[in-house]
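Asks:
2 protein chains.
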Amino acid sequence: MHRVTIAQVAARAGVSTATVSRALSGNRPVSAEIRRRVDAAAGELGYAGNTIASALRRSRTDTVGMVVPSIRNPFFTSLVESVEHALQDQGKQLFLCDSRQDVAVEAGHLRSLAARQVDGIIISPCHGTGSTPAVEAAAAAIPLVQLDRHVAGTNTDWVGVDDGVSMRLVLDHLHAAGARSAAFISSTLTNSSTELRLAGFRRQTERLGMRTRDAWILLGDYSVEWGRRAAGDLLAGPGLPDAIVCADDLIALGVLRACRDHGVAVPADVQVTGYDDIDFAALSEPGLTTVGQPRDRIAAEAVRLLATAAGTGATAAHIALAPTLVVRESTAPVPPPGPAPAGTPGAAAAPVAGSEVRIRTGQPRSSRSEAGAHQESSSRP
Amino acid sequence: MHRVTIAQVAARAGVSTATVSRALSGNRPVSAEIRRRVDAAAGELGYAGNTIASALRRSRTDTVGMVVPSIRNPFFTSLVESVEHALQDQGKQLFLCDSRQDVAVEAGHLRSLAARQVDGIIISPCHGTGSTPAVEAAAAAIPLVQLDRHVAGTNTDWVGVDDGVSMRLVLDHLHAAGARSAAFISSTLTNSSTELRLAGFRRQTERLGMRTRDAWILLGDYSVEWGRRAAGDLLAGPGLPDAIVCADDLIALGVLRACRDHGVAVPADVQVTGYDDIDFAALSEPGLTTVGQPRDRIAAEAVRLLATAAGTGATAAHIALAPTLVVRESTAPVPPPGPAPAGTPGAAAAPVAGSEVRIRTGQPRSSRSEAGAHQESSSRP
DNA sequence: TTGAAAGCGCTAACAC
DNA sequence: GTGTTAGCGCTTTCAA
Numbered sequence: 001m002h003r004v005t006i007a008q009v010a011a012r013a014g015v016s017t018a019t020v021s022r023a024l025s026g027n028r029p030v031s032a033e034i035r036r037r038v039d040a041a042a043g044e045l046g047y048a049g050n051t052i053a054s055a056l057r058r059s060r061t062d063t064v065g066m067v068v069p070s071i072r073n074p075f076f077t078s079l080v081e082s083v084e085h086a087l088q089d090q091g092k093q094l095f096l097c098d099s100r101q102d103v104a105v106e107a108g109h110l111r112s113l114a115a116r117q118v119d120g121i122i123i124s125p126c127h128g129t130g131s132t133p134a135v136e137a138a139a140a141a142i143p144l145v146q147l148d149r150h151v152a153g154t155n156t157d158w159v160g161v162d163d164g165v166s167m168r169l170v171l172d173h174l175h176a177a178g179a180r181s182a183a184f185i186s187s188t189l190t191n192s193s194t195e196l197r198l199a200g201f202r203r204q205t206e207r208l209g210m211r212t213r214d215a216w217i218l219l220g221d222y223s224v225e226w227g228r229r230a231a232g233d234l235l236a237g238p239g240l241p242d243a244i245v246c247a248d249d250l251i252a253l254g255v256l257r258a259c260r261d262h263g264v265a266v267p268a269d270v271q272v273t274g275y276d277d278i279d280f281a282a283l284s285e286p287g288l289t290t291v292g293q294p295r296d297r298i299a300a301e302a303v304r305l306l307a308t309a310a311g312t313g314a315t316a317a318h319i320a321l322a323p324t325l326v327v328r329e330s331t332a333p334v335p336p337p338g339p340a341p342a343g344t345p346g347a348a349a350a351p352v353a354g355s356e357v358r359i360r361t362g363q364p365r366s367s368r369s370e371a372g373a374h375q376e377s378s379s380r381p
Numbered sequence: 001m002h003r004v005t006i007a008q009v010a011a012r013a014g015v016s017t018a019t020v021s022r023a024l025s026g027n028r029p030v031s032a033e034i035r036r037r038v039d040a041a042a043g044e045l046g047y048a049g050n051t052i053a054s055a056l057r058r059s060r061t062d063t064v065g066m067v068v069p070s071i072r073n074p075f076f077t078s079l080v081e082s083v084e085h086a087l088q089d090q091g092k093q094l095f096l097c098d099s100r101q102d103v104a105v106e107a108g109h110l111r112s113l114a115a116r117q118v119d120g121i122i123i124s125p126c127h128g129t130g131s132t133p134a135v136e137a138a139a140a141a142i143p144l145v146q147l148d149r150h151v152a153g154t155n156t157d158w159v160g161v162d163d164g165v166s167m168r169l170v171l172d173h174l175h176a177a178g179a180r181s182a183a184f185i186s187s188t189l190t191n192s193s194t195e196l197r198l199a200g201f202r203r204q205t206e207r208l209g210m211r212t213r214d215a216w217i218l219l220g221d222y223s224v225e226w227g228r229r230a231a232g233d234l235l236a237g238p239g240l241p242d243a244i245v246c247a248d249d250l251i252a253l254g255v256l257r258a259c260r261d262h263g264v265a266v267p268a269d270v271q272v273t274g275y276d277d278i279d280f281a282a283l284s285e286p287g288l289t290t291v292g293q294p295r296d297r298i299a300a301e302a303v304r305l306l307a308t309a310a311g312t313g314a315t316a317a318h319i320a321l322a323p324t325l326v327v328r329e330s331t332a333p334v335p336p337p338g339p340a341p342a343g344t345p346g347a348a349a350a351p352v353a354g355s356e357v358r359i360r361t362g363q364p365r366s367s368r369s370e371a372g373a374h375q376e377s378s379s380r381p
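Here the protein sequences line up with chains A and B, keeping their order.
Note that the UniProt record's numbering has the first sequence beginning at 1, numbered continuously upward.
Note that the UniProt record's numbering has the second sequence beginning at 1, numbered continuously upward.
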């Protein structure tokens, strides 16, 4: 049983194929009578359309490709979910690609997406420099926006949160909660957010006069297992930091686990923070204090940029949304500065308003500036 | 800068477009000399191909659509990951669709995928009967395989695990661990696996002579929050079951949380089991005893079926893979039947070999039967 | 082995 | 407002 084509619908409705196309797409005016006949014919024949043919003709596919280092990492899972939902509102569909932290796999996906004529690409590159060539090549052919992480030396759109601000939120909070020394557990990966988080940690501990040591900077990968191992080493070593700052929630959950195994009390003996606010951060024991990223906003901005960027070249937008600190029980209570009531501590997550937004450089590309919640700026004027 | 076409490559290489096509695709013989010239020309021009044009001509897109009730549910996330990887090995790409538990959204996705001429559809339908029309319509046009769940009244391929067997594994284990009464917490959703798990629970408790009550069958949704609420109600009520069997791990994690909140010891006061073996099942305190599904195998079979099913009509394969019981600390230790050493209890997950495979009806479609790990069978002879 | 040419199904000019 | 027609870029007969 062959697929129904527009020609068959046209024959049945007694009109030309062009008219059927116009009636069905609604792009151009068609008389009510004819529209009725076409709709009827299409319905009777079970006409379903052929997006491929349409795409070839219009040179638009209404598809977007998304490439993430690991679908299974809960942070990227939510990002994918948010992007899928945002795209659905626009009638676009999502090609999902998992680069498995492998630059070569990633490059293959990008080539493949380009060949498929996707209208745009959303990528969280797996490597800060290794991903550059493939990302640049793709961006040369197709609107591309980087999410969360971005590679060195490219000038594509980017949207995410400001990791420096996040680390300030985290360390200010820890300091206020009494921590005077801190360790940092992260990944060896050399991507932008990993590096910015470490840099932020160094700057903020220094600013606040908090002690740290080389042996307290532990780099492995973004996994529960690594967090557990690293914390195990830390707890076995001499001296304990007041706080362990983790570059993502998976690591932090591993750290909590290690503390439990070693009989170290959190937050009494050591405070622990994560990053991303994945679903399970609320569920651990104790609940994990962490940095919340506005994933829906990030996704929405990315999708909007792709739609906008279609024609425009030349200027890249950098949109840094405000992170929030989500305070739970893995950090010590902060003495209230004023007479404000403490609320119900430890019950639900208490999001603490984050920060202003960082404006990078240059001037806004679009004149329509939104609600002050973020700013976009171009890196080339 | 316009995209490079095959015609430009042809001109540069001094050959016809047909020859370029043959050289690049490798489908037909081309002289070594010409192949070299074509490759060179393509490289110099940065030819990237146009999958859309190719797809229109060949009427194959090398794409597969996947529709799941919720991307964010960790079980489906892993399934998506497994499918993505399996597809990548075949050079196909994945359209990911989230139906958000909504039959109308799901139907829209299926229509859209059909219009996009995907080569196959993999779906975990969100409703046992409500999804039927859309699934049937899609299956009439495109090879379709249902994963995990399946809808009533259709005759498409299906692959998953046998929920009845899973419940037998769970209840045998609980019984051996001393449980003589059990509650069941699940979802109100009327899809096949939800219903089969409940039916299995009923049958097995009856078979083992374990007590249960209407008030101990609690139906809500697949979420941590529901598990927590349901268990809260249960723990507040009169009498406590020896065990709480949950229809998925999210619910079970919520139950564990409620037990902790209510000071109920697991497994001493009540044993708890989950279903799916999501990543976080290993991480809870105590670790969750649960049913493991061979997700990679499920995905691989689904992808294989789509590839096979291309031409074949008429007979549908039902592939039920063996579930495994993953024993952790949320259930009581089972007294060893023989002199076998206990191993290191509670350390790593201890998968217990599951069960034989259920053969539904009819006879195998493919003659090539694999390693006895599963059986496929056709429901129509 | 290679080239010429006919379309895949649709939409956008261009006429009327 | 509607029909005619020319492709979108590729693959695949059919001849040579």
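Glycine included, every Cβ here is placed at the ideal spot set by N, Cα and C.
Please report the straight-line C-alpha distance between B/Ser-291 and B/Leu-169, rounded to a whole angstrom.
Replies: Sequence inspection shows Val at residue 291 of chain B; the Ser mentioned does not correspond to that position. Distance from the CA atom of B/Val-291 to the CA atom of B/Leu-169, rounded to whole angstroms, is 8 angstroms.
Asks: Flag this pair as yes or no: are the beta carbons of B/Thr-289 and B/Val-255 separated by less than 9 angstroms?
Replies: no
Asks: Rounded to a whole number of angstroms, what is the C-alpha to C-alpha distance between B/Ile-122 and B/Ala-316?
Replies: 14 angstroms
Asks: What residues of chain B sit near A/Asp-39, judged by a beta carbon separation below 8 angstroms?
Replies: The premise fails here: A/Asp-39 is roughly 15 angstroms from chain B at the closest Cβ pair, so nothing lies under 8 angstroms.
Asks: Strictly below 9 angstroms CB to CB, what residues from chain B border A/Asp-157?
Replies: Going along chain B, no residue has its Cβ under 9 angstroms from A/Asp-157, so there is no contact; the nearest lies around 18 angstroms.
Asks: Just tell me which of A/Ile-244, A/Asp-62, A/Val-20, A/Ser-16 has its CA closest to the CA of A/Ala-265.
Replies: Checked all of A/Ile-244, A/Asp-62, A/Val-20, A/Ser-16; the closest Cα to A/Ala-265 is A/Ile-244.
Asks: Could you pull out every residue in the same chain whose Cβ sits closer than 7 angstroms to the Cβ of B/Val-9, ignoring the five residues on either side in sequence?
Replies: Val-20, Val-38, Ala-41, Ala-42, Leu-45, Tyr-47
Asks: Would A/Cys-246 count as contacting chain B if we go by Cβ distances under 9 angstroms?
Replies: no
Asks: Taking B/Leu-171 as the reference, give the member of B/Cys-97, B/Arg-203, B/Asn-191 with the closest Cα.
Replies: B/Arg-203
Asks: Measure the Cβ-Cβ separation of A/Leu-305 and A/Val-145 and say whether it is below 9 angstroms.
Replies: yes
Asks: Please list the partners that B/Ile-6 has in chain A, where partner means a Cβ-to-Cβ separation under 8 angstroms.
Replies: Going along chain A, no residue has its Cβ under 8 angstroms from B/Ile-6, so there is no contact; the nearest lies around 12 angstroms.
Asks: Alpha carbon to alpha carbon, how far is A/Gly-287 from B/Ala-138?
Replies: Straight-line Cα distance between these residues: approximately 44 angstroms.
Asks: Please list the partners that A/Ser-78 has in chain B, where partner means a Cβ-to-Cβ separation under 7 angstroms.
Replies: Arg-72
Asks: For B/Asp-98, does the three-state DSSP call read helix, strand or coil?
Replies: In the three-state reduction of the DSSP assignment, B/Asp-98 falls in the strand class.
Asks: Assuming B/His-127 and B/Thr-190 make a contact with CB atoms under 8 angstroms, what is their CB distance in whole Å?
Replies: 6 angstroms
Asks: Helix or strand or just coil, what does DSSP make of A/Gln-93?
Replies: strand
Asks: Are the C-beta of B/Ile-52 and some C-beta of chain A separated by less than 9 angstroms?
Replies: yes
Asks: Measure the alpha-carbon distance for B/Asp-248 versus B/Val-159 and round it to whole angstroms.
Replies: 18 angstroms
Asks: In chain B, which residues lie with their C-beta within 8 angstroms of the C-beta of A/Gln-117?
Replies: Asn-50, Thr-51, Ile-52
Asks: So B/Ile-298 is in the alpha helix (DSSP H); what residue range does that whole segment cover?
Replies: 295–309
Asks: Please name the residues in the region 246–275 of chain B whose beta-carbon is closer than 8 angstroms to at least one beta-carbon of chain A, in chain order.
Replies: Leu-253, Arg-257, Arg-260
Asks: What does B/Ser-112 touch in chain A if you count any residue whose Cβ is under 7 angstroms from its own?
Replies: Chain-order list of chain A residues neighbouring B/Ser-112: Gln-93, by C-beta distance under 7 angstroms.
Asks: In terms of alpha-carbon separation, which member of A/Ile-217, A/Leu-196, A/Leu-321, A/Ala-182 lies closest to A/Arg-211?
Replies: Checking every option, the nearest Cα to that of A/Arg-211 belongs to A/Ala-182.
Asks: Between A/Val-105 and chain B, is any beta-carbon pair separated by less than 9 angstroms?
Replies: Among the CB atoms of chain B, one or more fall inside 9 angstroms of the CB of A/Val-105.
Asks: DSSP puts A/Cys-246 in a beta bridge; with which residues?
Replies: A/Ile-185
Asks: Is it buried or exposed for A/Asp-214, if we count other Cβ within 10 angstroms and need 16 for buried?
Replies: Exposed, since its Cβ has fewer than 16 Cβ neighbours within 10 Å.
Asks: Are the Cβ atoms of A/Ser-186 and A/Cys-246 separated by less than 9 angstroms?
Replies: yes
Asks: Whole beta strand (DSSP E) runs in the region 88–172 of chain B with 3 or more residues, listed along the chain?
Replies: 93–98, 120–123, 144–147, 157–161
Asks: Taking its Cβ as the centre, do 16 or more other Cβ atoms sit within 10 Å of A/Asp-119, making it buried, or is it exposed?
Replies: buried
Asks: Near B/Arg-22, which residues of its chain fall below 7 angstroms by C-beta distance, leaving aside the five closest residues on each side in sequence?
Replies: For B/Arg-22, where only same-chain residues beyond five positions count, the Cβ hits under 7 angstroms are Arg-28, Val-30.
Asks: Would you check if there are 3 or more beta carbon pairs closer than 8 angstroms linking the region 95–104 of chain A to the region 78–95 of chain B?
Replies: yes
Asks: With a threshold of 6 angstroms on Cβ separation, who are the neighbours of A/Gly-232 within its own chain once the five nearest residues in sequence on each side are excluded?
Replies: Ala-258
Asks: Please name the residue or residues paired with B/Ala-320 in a DSSP beta bridge.
Replies: The partner list for B/Ala-320 (beta bridge, DSSP) reads B/Gly-160.
Asks: Report the rounded CA-to-CA distance for A/Gly-209 versus A/Arg-180, giving the unit in angstroms.
Replies: One C-alpha to the other measures close to 7 angstroms.
Asks: DSSP on B/Thr-51, reduced to helix/strand/coil?
Replies: helix
Asks: Hey, out of A/Asp-162, A/Glu-206, A/Thr-63, whose CA is closest to A/Thr-143's CA?
Replies: One point to set straight first is that residue 143 of chain A is Pro, not Thr, in the sequence displayed. The closest CA to that of A/Pro-143, considering only A/Asp-162, A/Glu-206, A/Thr-63, is found on A/Thr-63.
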